[in-house]
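Under our numbering, think of the first position of the sequence shown as 136, with each following residue one higher. For every residue, glycine included, the Cβ atom is placed at its ideal position computed from N, Cα and C. Written below as structure tokens is the structure these notes are about.
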Amino acid sequence: MSQFGMNMPGGAMQRRASMNVYTALLFVAMVALGAACVYVWMQAGRVGKGEGFGRPFGLQTPNQIELPVAAAAK
Numbered sequence: 136m137s138q139f140g141m142n143m144p145g146g147a148m149q150r151r152a153s154m155n156v157y158t159a160l161l162f163v164a165m166v167a168l169g170a171a172c173v174y175v176w177m178q179a180g181r182v183g184k185g186e187g188f189g190r191p192f193g194l195q196t197p198n199q200i201e202l203p204v205a206a207a208a209k
């Protein structure tokens, strides 16, 4: 019942993934997002309430905002 010259599926040459401009743009976007996250974390740590690693997650009470005194103003 087999036919002469019949090819099996998946027997063809497979194409491998390659780098292109979209891969490079994705990499640049991921680096930019990572840098933005670090920047926002640092800025939130300056105005957040609390101590240590959780300081950026500390919430201020409305109408009672407390900011740290800058080193130059001391």
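- Residues Gly183, Lys184, Gly185 of the same chain have their beta carbon placed closer than 8 Å to that of glycine 193, with the five preceding and five following residues left out of the count.
- Here the C-alpha atom of threonine 158 lies approximately 27 Å from the C-alpha atom of tryptophan 176.
- Rounded to the nearest whole angstrom, the C-alpha separation of glycine 187 and leucine 202 is 16 Å.
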